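Report on one structure; see the data block that follows.
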Amino acid sequence: MSATAGQAQGERGLAERLGLKPGQVVQEIGWDEDVDDELRSSIENLTGNELLDEDSYDVVDAVLLWWRDGDGDLFDVLTSAMRVLADGGQIWLLTPKAGRDGHVEPSDIGEDSTTAGLSQTSSISAAPDWSGTRLVPPKGSRR
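First residue of the sequence shown: 935, per this note's numbering; consecutive thereafter.
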């Protein structure tokens, strides 16, 4: 395998760990200069689509939500994000890892996501500075 092919596979692997697939549409909320550009690029490369910005109202397969302590009301943002999710869609809540500026306590994520009607299904190390928590609405829920 060439270095370029290996690098491409590594980038795809980042997005694949999020459970994303080619052709899916992903909306990004909470972009700022501290986000992980490699993760963003891997999602666009794998899906073949540019990330939609937070002002889009298109139905999406996944929402990539960058969230830091002090960004506002997480419950409100999660509730809004659910409105654009297709059936079977997911929200990836990306928060700074422990010890980094903007770290969000897991208990806060659990409380706000549960109150919003979402279930936490998995957590991953999404990037060097970011943890990812997969949130899904109940099957068959109506928004």
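Each residue gets a CB set at the ideal place from its N, CA and C atoms; glycine is no exception.
All values derive from a computational prediction rather than experimental measurement.
Within the stretch 943-993, the runs of beta strand (DSSP E) that reach at least 3 residues and sit entirely inside it are, in chain order, 960-963.
The distance from the Cβ of G1023 to that of A1050 is about 14 Å, inconsistent with a contact at the 8 Å cut-off. Looking at the backbone, the Cα of D966 and that of K1073 are separated by about 32 Å. Contact between the stretch 996-1007 and the stretch 953-972 is present: three or more C-beta pairs spanning the two stretches fall below 8 Å.
The criterion of a C-beta distance shorter than 9 Å is satisfied by D1063 and P1030. The stretch 1000-1016 makes no contact with the stretch 971-983: fewer than 3 CB pairs, one atom from each, lie closer than 8 Å.
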